[in-house]
Amino acid sequence: MARSDESVSLSALARLGFAELSEAASSLDELAALLGLDRAALLDGAQAADPDAAVEGMLRVARRDAAPLKTLFVQADSRRRAWRVFGASQGLGGFFLRHPSELSVLATSAERLPSADELRSRLLEAIGAREGFAASAGDDALVALRVAYRRELAGIAAFDLSHASAVDIVGDVAAALADIAGAALEASLAVARTQVRGAFGDEEIAATQLAIIGMGKAGARELNYVSDVDVIFVGGTSDEEVVSEARAIDVATRLARETMRGLSGIEAEPPLWEVDAALRPEGKQGALVRSLASHLAYYDRWAKSWEFQALLKARPLAGDAALGAAYIEAVQPKVWSSAARENFVDSVQRMRERVMEHIDPDDAPYQLKLGAGGLRDIEFTVQLLQLVHGLTDPTIRTRGTLESIDALVEGGYIGRVEAATFADDYRVLRLMEHRLQLRELSRTHLMPRTPAGLRVLARSTALAESGEAVWQRWESVRREVREIHIRLFYRPLLSAVAALPEDERTLSTAQAHDRLAAIGFRDPTGALRHIGALTTGLSRKATIQRHLMPIMVRWFADGSDPDYALIAFRRISERLGDTPWFLRMLRDSSGAAESLTRLLSSSRYVGELMEWIPESVAWLDSTELLRPRSRAAIDEEARAIQTRHDTVVGALRAVRALRRRELLRTAMGAVLDVLTIEEVATSLTEITDATIQAALRAVYREVVPPEDGALDFAVIGMGRFGGAELGFGSDADILFVYDANGVDPERAQKLSMQIVAGLREHLADNRVPLDLDADLRPEGRSGPVARSIEAYAEYYRRWSLSWEAQALLRARGVAGSAKLTSRFMALADSIRYPEAVDLQGTREIKRIKARVEGERLPQGADPRRHLKLGPGTLSDVEWLVQLLQLQHAHRVPALRTTSTIAALDAAVEADLVPSASADLLRDAWRLSSRLRSAITLFTGQTSDVLPTEPRQLDAIGILLGYPERSATVLEDDYLGVTRRARKAFEALFYG
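Numbering-wise (this note's numbering), the sequence shown opens with residue -4 and increments by one.
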């Protein structure tokens, strides 16, 4: 219904989106007069992206021939279509100016887009084609072809612009644009056949086969409004007696050239688009037309990886259908095996990076197609995933981007959420690209740089309410696309899968047993059973496992214990059930799958803990999550745990779980080389400190009634625990001390013993034992486990032996009363840092050291292989350093440290130890410490003896960073390092 006169005021025009109001009002008056309408009727249905441009375009047409336009304005539907088409496309406005009669295409509403056959039929009819030949060879035929093409293009645009949700049909529109391009090539080929009649006879031309293969967007049926159409020409003969193949190639070459000229040459009607044959073998330097055999020979011998990626979307577009189908059938196996070429994934990734490098920096923020977060990011990602996984999975061998995303989702190669985001963003970017190209019918991929251009884009796409908002939408899509692209395109799994030997890409039962045995599984039958349990079924989980398993099995086999690794992986997978993040992370994360296989095949200690804490797999997504948490953070969590539990049993069960979790985090960081041996020792010590502190808080509250609350209690760390030098599997050497503080002495002793018993009971952990070893207490195992501070002082003053003073050198407050800890440390300082050590005391220390070497070694053990008591190992270094501390710490304050290495460094600075000797001792101490931890990590058991079995030595060597099969090298290194350290020790210790 027409609006009232008020509706055509300047303010009304502004509300309709006009920018140049006075000029628009004047133009509307003239247009209304030419069409015999009032302005209100003219503006009824005036919904246009750029109403100023719409009026200008329609006015120019009306000045030339008003009748066709007037016909459109009779009906509301056709009037709305006219406004939308002229408002969105000045290029189509120019076409209608040249050919006003073609406005009839907007007269009727299309219920659907035309099919490929309908478009082909209409364009062939426009040139009067019969049996493959156009009616005319003149310029009139090419003009008729181009006019018919643009008429159909206008019909597609009208359908697109009139749809309630253009973003939802962008795929259908792109397919129609590819179909009309194919129809134009077919029609141009018909004109070309007529044109070359003078040079070749009809019989020769008819017997010449020419297939036009669509590449890129044309092949995938996802073409733009204006785009080069990439093609490859394949020639041949259908009858050697009529025309030989060599002659047919000549004819086909002439036909190809004329076909290209018919669409892109200069004529009365402007060119449609460039026909680009540069993707052919040898590019622009190669023959324009080749036989099928010539193509295949080139692809077999010379083709580069990018050429197979280009062939991914190849489709017969025009010409000889049978030859086109034969070409596709012949090249498809080459396409889908190309990812197995050496460095294929790297080459594709590098190609994408080169595209980025060649973008003009001024254009980069506006690039819809080539820039970061643009269409190419989506297309390259999807194509790389297809090519790699399409090696074995025919269900993802598709052409179009959107259909390929759907196939990758169904196959489990992309997560559903990421795929939906990728697909939505692709549609948005393509819609923006379509509208920008439609405006001038020009080949552009750049976002507008002006507010006016952005405003028109917002109105034409209906993606936003304003120009600023559509720019924000573009920035949001860019960020989203780039993030997903980086995550998927650079997946480590891609290179690994592509590099798998052909016989390992699938795990068929018939061949898998022997293959598993060959690559290192000791129980291939059991391995097959576990693989079957992981991959059998129709669930999405089983589907993803089937994709992951070939490469994970290969990675397991590269480790030290693939059989255990596979069992552990199965248990972890089953524990996590259908947890969505688990397999998605293994598939998508940067290196998570490879890290998990490395952990499980290198360390039973890690594997057994991961089975109980399967959510720890999530830490593999970030190196930061594998770094130890601070003592303060662990303390805070332990306190929070205790506030949530009413009983000491429940609270300390949770604290033990906290300890296991943090031990696992540290072990994972150690195996994956995130942590140094010093960081491992610090972390293990702080975890143990926090655990004992939390346990003491809980047990004290349970054992000590309020009336005895004055009782102070503390735990003192000794040995390697006191020195903050724990390794995996180390005991915690400790002393227990209390101060009655007015509590009856007998009751204080009784309560303290109850605290000790409670600590040992609640800290007992069968999975990761924490042994509180109090053997270094006064009188050893014969003395009371807990003593008062006064009893310690009395004993050390009267009875202490040199070895007890030596033991106190590592004493450090761990948990409990800070006041009592300070008193004990002051007492310890008075004993361990004496003004002088008498000669008898020094001799006693040396005598005990010699006795320890002889008596404490396990029966039958090779002393050289004992990492703690053997020559040149831990005890040598520690006893030497402790002797120096007893002798000189009173004079040299830097020696007053519980750390072996820090004390050794201080001894060098004080000229007590030659620097060269210190280097030998330090290397031996570090290597022995690393070996002890590595043995525990690999076997899950604590041992102080270096194994003799080569397989175990290999595994331990790998944990220390040695190459595979380095058992002998590791053994030689250890024996050499300790032999040299022993020599230095003997010179300094025994003199």
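All residues carry an ideal CB built from backbone N, CA and C; glycine is no exception.
Remember, predicted model here, so these are calculated numbers, not experimental data.
Among the options, nearest to residue i - alpha-carbon criterion
i: Arg510; options: Val56, Ala552 and Leu11; result: Ala552
i: Leu29; options: Leu436, Phe68 and Ala902; result: Phe68
i: Gly724; options: Val738, Ala705 and Arg599; result: Arg599
i: Leu899; options: Leu803, Leu879 and Leu386; result: Leu879
i: Thr456; options: Arg541, Asp134 and Asp155; result: Asp155
i: Pro109; options: His640, Val699 and Val168; result: Val168
i: Glu235; options: Ala693, Ala201 and Thr393; result: Ala201
i: Gln540; options: Asp558, Ile514 and Gly572; result: Gly572
i: Thr574; options: Trp78, Ala537 and Leu834; result: Ala537
i: Arg55; options: Gly31, Ser22, Glu374 and Pro46; result: Ser22
i: Ala83; options: Gly319, Leu452 and Lys814; result: Leu452
i: Thr680; options: Leu647, Asp33 and Glu720; result: Glu720
i: Gly811; options: Phe708, Tyr485, Ala902 and Gln854; result: Phe708
Close Cβ partners of residue i (< 7 Å) along its chain, the five nearest in sequence each way excluded
i: Glu632; result: Leu653
i: Ala325; result: Leu287 and Leu291
i: Ala143; result: Arg117, Leu118 and Ala121
i: Glu475; result: Thr416 and Asp420
i: Asp949; result: Ser555, Glu959, Arg960, Ser961 and Ala962
i: Thr530; result: Ala537, Gln540, Arg541 and Met544
i: Arg692; result: Gln637
i: Asp726; result: Asp766 and Asp768
Sequence-distant residues of the same chain with beta carbon closer than 8 Å to residue i, five excluded per side
i: Met(-4); result: With a pLDDT of 37 at Met(-4), under the threshold of 50, the modelled position of that residue is not reliable, and the figure given next carries that caveat. Closer than 8 Å at Cβ, skipping near neighbours: Asp39.
i: Gln467; result: Ala459
i: Gly260; result: Leu137 and Pro266
i: Leu970; result: Arg859
i: Thr396; result: Ala215, Glu217, Ile373, Glu374, Val377 and Tyr421
Bounding residues of the alpha helix (DSSP H) (the contiguous stretch that carries residue i)
i: Tyr361; result: No alpha helix (DSSP H) contains Tyr361, which DSSP labels as neither H nor E.
i: Val476; result: Gly462 to Phe484
i: Arg655; result: Val643 to Val666
i: Gly231; result: That residue, Gly231, is in no alpha helix (DSSP H); its beta strand (DSSP E) goes Val224 to Thr232.
i: Asp401; result: Thr396 to Glu405
i: Leu721; result: Counting along the chain, Leu721 falls outside any alpha helix (DSSP H), and DSSP gives it neither H nor E.
Beta-carbon proximity list for residue i, same chain, < 6 Å, skipping 5 on both sides
i: Asp918; result: Val972
i: Arg772; result: Leu730 and Gly778
i: His429; result: Tyr220
i: Ala247; result: Thr203, Leu205, Gly230 and Val284
i: Ala689; result: Ala633 and Val650
i: Arg975; result: Leu915
i: Leu483; result: Thr376
i: Phe81; result: Ala49, Gly52, Met53 and Gly88
i: Thr683; result: Ala727
Whole-number beta carbon distance between residue j and residue i, since they are thought to touch under 8 Å
i: Ser300; j: Arg336; result: 6 Å
i: Leu864; j: Glu839; result: Their Cβ separation, rounded to whole angstroms, is 19 Å, which puts Leu864 and Glu839 out of contact at 8 Å.
i: Ser597; j: Ile953; result: 6 Å
i: His440; j: Lys329; result: Contact doesn't hold; Cβ gap of about 30 Å is too wide.
i: Ala627; j: Thr592; result: Actually they do not touch by this definition, with Cβ atoms about 34 Å apart.
i: Ala19; j: Val50; result: 6 Å
i: His525; j: Ile481; result: Between Ile481 and His525 the Cβ distance is about 33 Å, and since that is not below 8 Å, they are no contact.
i: Arg517; j: Gly368; result: The pair is not a contact, with the Cβ atoms about 49 Å apart (cut-off 8 Å).
i: Leu274; j: Ala305; result: 5 Å
i: Leu621; j: Gly586; result: Contact doesn't hold; Cβ gap of about 12 Å is too wide.
Run of the beta strand (DSSP E) containing residue i, from where it starts to where it stops
i: Pro311; result: Arg310 to Gly314
i: Leu730; result: Ala727 to Asp734
i: Gln204; result: Thr203 to Gly209
i: Ser286; result: Val284 to Ser286
ask   = Counting Cβ pairs closer than 8 Å, one from the stretch 815 to 831 and one from the stretch 781 to 790, do we hit at least three?
value = Short answer: they touch.
query = Would you call the stretch 90 to 103 and the stretch 445 to 454 in contact, with 3 or more CB pairs under 8 Å?
reply = Put simply, the stretch 90 to 103 does not touch the stretch 445 to 454. Fewer than three CB pairs are less than 8 Å apart.
message = Does the contact criterion of 3 or more C-beta pairs under 8 Å hold for the stretch 594 to 609 versus the stretch 549 to 569?
response = Yes, they touch.
inquiry  = For the structure I just gave you, are there three or more beta carbon pairs, one from the stretch 902 to 921 and one from the stretch 827 to 843, closer than 8 Å?
reply    = In short, these stretches do not touch, since the Cβ pair count stays below three.
task = Could you tell me whether the stretch 758 to 765 touches the stretch 678 to 692, using the rule of 3 or more Cβ pairs below 8 Å?
result = Three or more beta-carbon pairs separated by less than 8 Å link the stretch 758 to 765 to the stretch 678 to 692, which places the two stretches in contact.
ask   = Taking one C-beta from the stretch 174 to 185 and one from the stretch 403 to 417 each time, how about it: are there three or more such pairs within less than 8 Å?
value = Not touching, per the Cβ criterion.
query = Should the stretch 824 to 834 be called in touch with the stretch 749 to 761, which here means at least 3 C-beta pairs below 8 Å?
reply = Too few Cβ pairs lie closer than 8 Å, so no.
ask   = Are there three or more Cβ pairs, one per stretch, closer than 8 Å when the stretch 799 to 810 is compared with the stretch 708 to 717?
value = Output reads yes: the stretch 708 to 717 touches the stretch 799 to 810.
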